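Novice: Sharing a structure here in structure tokens format.
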Amino acid sequence: MPTSTDTDVIRLDSLSMLYPTKSGGTVQALDDVSLSVRSGEFISIVGPSGCGKSTLLRIIMGLSRQTSGTVTFGSSEETHRNQLGMVFQQPLLLPWRTVRKNLMISPDLHHTRDAATLEKAESLLVMLGLEEFGDRYPNELSGGMQQRVGIGRALMHDPRILLMDEPFGALDAMTRDQMGLDLLEIWDQDRKTVLFVTHSIPEAVLLADRVVVMTPRPGRLADVVDVSLPRPRRLENINTPEFGEIVAHIRKLLDSEHSAH
Ligand SMILES: Nc1ncnc2c1ncn2[C@@H]1O[C@H](COP(=O)(O)OP(=O)(O)O)[C@@H](O)[C@H]1O
Ligand SMILES: [Mg+2]
């Protein structure tokens with residue numbers, strides 16, 4: 002059971018998830034996951050494919066309902082899920098809408114388009130380095146730029162918590178490094194709480210305050226590793242011995258969990 006403090010924004014208590022299978026059985030995706038996330042923390046989540054990382058984010062987002070256990074936001078259960086923004090591996094842009102209008106999808110759906118939301122979209126375009134591309138269509142943008150729009154869309158309602166499910170997984174290595182650093186800059190502006198799923202251990206370490214390491218399915222927490230490297234982080238950090246030690250430690254945890262199965 003995690004110890005909780007006033008500044009916890011998310012608390013997971015003994016979350017378990019069973020999915021029904023077609024043959025009438027069940028598959029267990031999560032087993033007894035407990036975690037407290039502090040306000041403004043950047044948490045990376047790593048674990049083998051199929052261990053329940055996406056399931057975990059979907060439960061927090063409210064897209065799936067856990068079999069048992071609880072998710073608590075802030076100091077009370079009533080804190081609303083509209084404090085959450087989610088970014089997926091694919092940016093899921095509407096091809097017939099311009100970049101600017103893709104940012105406006107949610108306000109348009111909820112009939113909340115007004116001067117303030119339009120202004121928010123403009124400021125996000127600037128923040129994401131897309132100010133020249135507001136009138137372009139998604140297929141005119143590179144993969145990295147499309148994913149920036151996906152991130153922008155999640156930030157439109159200014160969520161306190163950003164859930165990111167392998168957001169850079171479809172990008173080439175160099176774009177990916179740059180996106181990670183850009184994400185840190187955005188995060189640094191108002192310290193949202195971030196839960197960031199990745200299968201790159203160096204990426205997880207470079208970005209995070211803590212790295213949650215999960216076991217193979219059913220996903221449990223193998224460990225939560227502190228990353229006490231100074232900020233702001235830079236790509237050069239990857240070459241330091243401290244960085245290498247943390248990466249090696251996480252790799253070892255993943256390997257031993259893997260061979261234990
Ligand atoms: N909607 C679903 N119905 C049945 N099984 C599912 C469903 N979603 C995920 N699973 C299963 O749950 C396990 C965890 O999936 P997932 O959370 O996507 O893992 P990860 O994101 O870590 O790769 C996998 O074995 C997957 O096949
Ligand atoms: Mg996944």
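2 is the number of the first residue of the sequence shown in our numbering; add one for each residue after it. Yeah, the Cβ is synthetic: ideal placement off N, Cα and C, and Gly gets one too. Just so it is clear, the structure is predicted and the values come from calculations on it, not from any experiment.
1) What did DSSP end up calling residue 18 once you bin it into helix, strand or coil?
2) Between the Cα of residue 165 and those of 175, 173, 181, spot the shortest distance and give me the residue it belongs to.
3) Sort out for me which residues DSSP pairs residue 125 with in a bridge.
4) Answer yes or no: the CB of residue 167 versus the heavy atoms of ligand 2, is any distance below 7 Å?
5) Quick check on DSSP: helix, strand or coil for residue 30?
6) Drop a sphere of 10 angstroms on the beta-carbon of residue 133, count the other beta-carbons inside from all chains shown, and report buried for 16 or more, exposed for fewer.
7) If residue 163 sits next to residue 86, beta carbons under 8 Å apart, how far is it from one beta carbon to the other, in whole angstroms?
8) If you draw a straight line from the alpha carbon of residue 139 to that of residue 192, how long is it in whole angstroms?
9) For residue 230, which residues from the same chain have a beta carbon less than 7 Å from its beta carbon, with the 5 sequence-adjacent residues on both sides left out?
10) Let me check you understand the geometry: is the CB of residue 201 closer than 7 Å to at least one non-hydrogen atom of ligand 2?
11) Are residue 47 and residue 11 close, meaning C-beta to C-beta below 8 Å?
12) Please classify residue 259: does DSSP put it in a helix, a strand, or coil?
13) Please find out if some non-hydrogen atom of ligand 1 comes closer than 7 Å to the beta-carbon of residue 218.
14) Mind listing, in chain order, the residues whose beta carbon lies closer than 5 Å to a non-hydrogen atom of ligand 1?
15) Please report the Cβ distance between residue 43 and residue 195, rounded to the nearest whole angstrom; I am assuming they are in contact, meaning their Cβ atoms lie under 8 Å.
16) For residue 53, count neighbouring C-beta atoms within 10 Å of its own C-beta (all shown protein chains included) and say buried if the count is 16 or more, exposed if not.
17) Which same chain residues, not among the five before or five after residue 265, have their C-beta less than 8 Å away from its C-beta?
18) Between which residues of its own chain and residue 220 is the CB-CB distance below 8 Å, once the five residues before and five after are set aside?
19) Kindly list the residues whose CB is nearer than 6 Å to the CB of residue 227, restricted to its own chain and excluding five residues on each side of it in sequence; keep chain order.
20) Note down the Cα distance separating residue 204 from residue 173, rounded to an integer number of angstroms.
21) Have a look at the DSSP bridge pairing and note the partners of residue 197.
Specialist: Taking the structure as given:
1) For residue 18, the secondary structure class from DSSP, reduced to helix, strand or coil, is strand.
2) 181
3) BP columns for residue 125 are empty, so no partner.
4) The answer is yes for residue 167.
5) Residue 30 falls in the strand class under three-state DSSP.
6) Classification of residue 133: exposed, given that the 10 Å Cβ count is below 16.
7) With a beta-carbon spacing of about 5 Å, residue 163 and residue 86 fall inside the 8 Å limit used to define contacts.
8) 28 Å
9) 238, 243, 244
10) Outside the cutoff, so no.
11) No, the pair does not count as a contact, with Cβ atoms beyond the cut-off.
12) helix
13) yes
14) 20, 30, 50, 51, 52, 53, 54, 55, 56
15) 5 Å
16) buried
17) Any property of residue 265 remains undetermined from this structure, which presents the chain solely from 2 to 262.
18) 30, 31, 32, 34, 48, 52, 53, 54, 56, 57
19) 211.
20) For residue 204 and residue 173, the gap between their C-alpha atoms comes out near 13 Å.
21) By DSSP's assignment, residue 197 forms a beta bridge with 45, 165.
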